[in-house]
Amino acid sequence: MAQPPRRKHRLSIAIPSSLVSEIPHLREKTATIGHIGRAAALFRVDDIYIYRDRPDESRLIGLILRYMETPQYLRRLMFGMMAELRYVGILPPLRTPHHPLRKKAEEL
57 MAQPPRRKHR LSIAIPSSLV SEIPHLREKT ATIGHIGRAA ALFRVDDIYI
107 YRDRPDESRL IGLILRYMET PQYLRRLMFG MMAELRYVGI LPPLRTPHHP
157 LRKKAEEL
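The numbering of the sequence shown is our numbering, which starts it at 57 and goes up by one.
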């Protein structure tokens with residue numbers, strides 16, 4: 057996969073910790089956070105800051121974003137079984153350089 061040229065500056069975004077507070081079910085919260093993570097990966101965001109406001113869901117947002125960023129072969133080792141990660145199977149793939157496609161991984 058050819059990588060685009062590097063930017064001359066860092067791209068950072070900030071999201072509120074109350075982003076998913078109105079969503080009642082963990083499955084929909086996970087999907088919403090997953091869409092943000094996927095968009096951040098597509099636009100090559102360097103840093104995502106979670107600023108705290110009320111109600112505070114920053115722990116869940118940070119956990120799911122870290123899970124998405126972790127390569128697949130390390131996820132079970134690093135995160136184990138957690139109730140907050142029950143629905144991570146619905147997360148969209150990132151297609152970043154450290155997340156190889158199955159076809160590319162078999163060639164390696």
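Every residue gets a Cβ at the ideal spot worked out from N, C-alpha and C, and that includes glycine.
The structure displayed is predicted, hence computed values, not measured ones.
Cutoff 8 Å; reference residue i; Cβ partners in own chain excluding five residues on either side
i	result
F99	L67
I117	I71, S73, L75, V76, I89, I106
Cβ pair residue i, residue j closer than 8 Å
i	j	result
I146	T86	yes
S73	Y107	yes
A97	L141	no
Cross-strand partners of residue i (DSSP beta bridge)
i	result
I104	I69
Three-state secondary structure (DSSP) of residue i
i	result
I79	coil
Q128	helix
G136	coil
Minimum C-alpha distance to residue i - residue among the options
i	options	result
I79	E113, K64, D109	E113
Close-in-space but distant-in-sequence residues of the same chain around residue i (CB under 6 Å, 5 per side omitted)
i	result
R83	Y143
D103	S68
Same chain, Cβ closer than 7 Å to residue i, neighbours up to 5 away in sequence not counted
i	result
F135	Y123, L141
L121	I89, G93, I104
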